[in-house]
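So the mapping is simple: the numbering used here equals the position in the sequence shown, first residue as 1, plus 828.
Just so it is clear, CB atoms sit at the ideal spot from N, CA and C, and this is done for glycine as well.
This report concerns only the one structure given below.
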Amino acid sequence: MTALPRPETAAAPAPARFRRRIRIVVTAAAVAVLAATGLQAAPVARAATPTAPGWTPTFIDEFNGSGLSGNWRVSEGTSYPGGPSNFGTGEVEVSSRNNVRVSGGVMSITALGQGLGPWTAARIETNRADFQPPGGGKLRVEASLRLPEAPNGQSAGYWPAFWMLGGPYRGNWWNWPGIGEFDIMENVNGANRTWQTMHCGTSPGGPCNEKSGVGNGGPSGCQPTACTKGFHRYTLDWSRADNSATWYVDGRVVHRTSRGGNIPAGVWDEATNHGFFIILNIAMGGEMPANTLGPLNGATGGGGHLDADYVAVWTGGANAPAPPVGPPGNTDPPPNDPPPNNPPPGSTTWAPNTAYAIGQVVTYAGVSYKCIQAHTSIVTWEPPIVPALWQRL
């Protein structure tokens, strides 16, 4: 989670970085219970975790029980024992298992409070801390999520995240960011935007610009439904074959990091030579909202919930394919996209370290783009990430 477990508690340098439709099935008795607790009714899942041809599943939780399975733990309170206060980010919520419920195939974390607080929410983590690619292969970590917004529309300060933290952090609590962090999805203030980031090196500053990290600046929204209105897939493919990490939203590339590219080789090695654990949480307030779209304020409403349909992990070989394009339950590109295997005449596939002229057409992840500013491409300047250089066709 960007700006999360920090080695120090000083304020961050500004600014920091940066299924388908569902139905509600609730009995009258359940409504009464939910009203008493303040928790929202959980949406009902409609389908199982998708298959991933060319990949082998190693962890799948579809939240089919009546509570969290033995796959997960809840980090209670406002810090890890002996670690930075407020989880090192200035967030103000108290994490409590009482804010987590599993029903109808969906796990929901609900933020409860009003205005500047007090607030409760939750941070759940996998017990496993050994998730990493096999030698010469890839690791894929994916979740289908619907992001929170306050029922009254006042969502300032909400900070949900789906992320991975280096296993050596457990029991040390002060070795961040050297042990690495992959933020697969972060969102603030209920906006239709998500941020994807890698944290590494030293803080503050250092080779990875901490506490901001090496991120994409939050360009990616969700379509056709907003990130808070429907379920969307958030995916990380981490490769030991070429020492890279690629982030996707609904199968569309939104960020990439690589060893010796935008991450120095030694820093990459330190951050990735071990396993990771997976985290889902809602933070309230803290550094990222304050440094992007605005801090928690007196109008912020409680009751927003982060819903997870599934969390899944696969391993694959060096050539394991990219995820399909489209939100959960729909692997077809939106109708305005050109067919992935039928690029416009005269187009070429985008590649790094290539000189592009104004008007040149390329394809990237099955989508066509026209160059609008002459440049030589590099990793992290992929067409969907830099609209100043590329116009989507």
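One thing to note: A1136 has its Cβ no nearer than 7 Å to the Cβ of A1019.
For N1109, the enclosing beta strand (DSSP E) starts and ends at 1104 to 1112.
Three or more Cβ pairs drawn from the region 991 to 999 and the region 956 to 967 lie within less than 8 Å of each other, which places the two stretches in contact. Of the candidates R925, I1106, V920, P909, P909 places its Cα closest to the Cα of G999. With respect to the 7 Å criterion, G985 and G1113 are classified as neighbours on the basis of their beta carbons.
Annotated as proximal: M1116 and V1016, with beta-carbon spacing under 7 Å. Taking 8 Å as the upper bound for CB-CB distance, T1100 and G1008 are in contact here, some 6 Å apart. CA-CA distance, G1129 to P1123, rounds to 13 Å. Taking C-beta atoms as the reference points, G1058 and W883 fail to come closer than 7 Å. C-alpha of G945 to C-alpha of K1198: approximately 48 Å in a straight line.
Put simply, the backbone Cα of L1217 is about 43 Å away from that of V922.
Counting along the chain, the unbroken beta strand (DSSP E) around W991 starts and ends at 986 to 994.
CA-to-CA, the gap between S1048 and A1111 works out to about 20 Å. In the DSSP assignment, T1063 forms a beta bridge with E970, Y1076.
In this structure S894 is exposed. Its beta-carbon is surrounded by fewer than 16 other beta-carbon atoms within 10 angstroms. Sorting D1070, M1013, A1140 by C-alpha distance to the C-alpha of T877 places A1140 at the top. Each residue's CA atom was taken as its position, placing R901 and G933 some 18 Å apart. Under the three-state reduction of DSSP, R1068 is assigned to coil, being neither helix nor strand. Rounded to the nearest whole angstrom, the CA to CA distance from S1067 to I1186 is 33 Å. Closest option to G1103, judged by alpha-carbon separation, among N955, R925, L896: N955. Short of 6 Å from the beta carbon of I1106, and not among the five residues preceding or following it, lie these beta carbons of its own chain, in chain order: T954, M992. The shortest C-alpha to C-alpha distance from P979 to any of C1028, H1203, Y1076, G1132 is the one to G1132.
With contacts defined as CB atoms closer than 7 Å, L975 and T1063 fail to qualify as a contacting pair. The beta carbons of T917 and N927 sit no closer together than 7 Å. When C-alpha distances from L1121 are compared across S983, Q1024, G964, the shortest belongs to S983. Distance from A1193 to V1081 at the Cβ level is roughly 5 Å; contact confirmed, criterion being Cβ atoms closer than 8 Å. Here G1145 carries a coil assignment [DSSP, helix/strand/coil]. Following the DSSP letters along the chain, one finds D958 in no alpha helix (DSSP H), marked with neither H nor E.
Between P881 and the set P1211, L1108, P1151, the nearest pair of CA atoms involves P1151.
Inter-residue distance for Y1184 and N1090 is about 20 Å (C-alpha atoms, whole angstroms). Taking the CA atoms as reference points, A1073 sits about 25 Å from G1157.
Restricting attention to P1211, S931, A950, G941, the CA atom closest to the CA of F915 is found in A950. Closest by C-alpha distance to N899, out of S907, F887, N1147, is F887. Taken through DSSP and simplified to helix, strand or coil, G1126 comes out as coil. Nearest in C-alpha terms to G1079, of all of P1212, T1030, G905, W1004, is P1212. For R951, the secondary structure class from DSSP, reduced to helix, strand or coil, is strand.
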